[in-house]
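K.L.:
Before we start, here is the structure in question, set down as structure tokens.
Residue numbers (the numbering used here): 319 to 457.
As structure tokens, then:
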């Protein structure tokens with residue numbers, strides 16, 4: 319799963335839980351209410367073993383409620399929608415979900431770890447090493 323696929327799966331999960339709430343990138347500056355905004359905060363790439371890697375995608379999700387509506391009612395639904403994304407073949411469970419507020423608007427930070435395995439290279443990786451001993455003349 320790459321960054322675009324993670325964002326797409328988050329969008330699918332959120333639109334299932336919130337069918338009438340539009341989903342936008344945070345930099346689009348939409349004014350529609352209610353709405354859900356997202357921002358890809360970071361992507362970290364680390365090595366676990368010589369052949370296994372982890373990419374950690376961190377997203378920020380904001381729920382902007384209707385005017386006069388309390389956003390606190392949506393917190394649990396957001397947690398449920400963001401905890402696991404994907405489908406049977408490519409499920410991805412969040413490793414961390416954090417909730418706080420930004421000027422009274424709920425903001426969630428979600429980390430999705432995606433593990434990848436580097437396939438082995440085809441062919442022989444190690445060959446046979448020939449050793450030849452050479453007599454060293456003594457003085």
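The beta carbon of each residue, even a glycine, is placed where N, CA and C say it ideally should be.
1) Quick one: is residue 404 buried, meaning 16 or more other Cβ sit within 10 Å of its Cβ, or exposed?
2) When DSSP labels each residue in this structure, what does residue 407 get in the three-state scheme?
3) Buried or exposed for residue 424, going by 16 or more other Cβ atoms inside 10 Å?
4) In chain order, what residues of the same chain have a beta carbon less than 7 angstroms from the beta carbon of residue 332, not counting five sequence neighbours either side?
5) If you count every other CB in all the chains shown that lies within 10 Å of the CB of residue 377, and 16 or more means buried, which is it?
6) Can you check which of these residues, 344, 350, 375, 379, is closest to residue 360 by C-alpha distance?
7) How should residue 327 be labelled, buried or exposed, when 16 other C-beta atoms within 10 angstroms of its C-beta is the threshold for buried?
8) Relative to the C-alpha of residue 350, which residue among 321, 413, 421, 381 is closest?
P.N.:
Quick answer:
1) One-based indexing of the chain shown puts residue 404 at position 86. So residue 404 ends up on the buried side.
2) Within the chain shown, numbered from 1, the residue matching residue 407 stands at position 89. Three-state DSSP puts residue 407 in a helix.
3) Along the chain shown, read from residue 1 onward, the residue named residue 424 stands at position 106. Buried: at least 16 other Cβ atoms inside 10 Å.
4) Here residue 332 is taken as the residue at index 14 of the chain shown, counted from 1. The residues are 341, 354, 399.
5) Here the question's residue 377 lines up with position 59 in the chain shown. Classification of residue 377: buried, given that the 10 Å Cβ count is 16 or more.
6) On the chain shown, residue 360 is found 42 positions in, with the first residue counted as 1. That would be 375, whose Cα lies nearest to the Cα of residue 360.
7) Translated into positions along the chain shown, residue 327 becomes position 9. The residue in question, residue 327, is buried, as its Cβ has 16 or more Cβ neighbours within 10 Å.
8) If you number the chain shown from 1, residue 350 lands on position 32. Among 321, 413, 421, 381, the Cα nearest to that of residue 350 belongs to 381.
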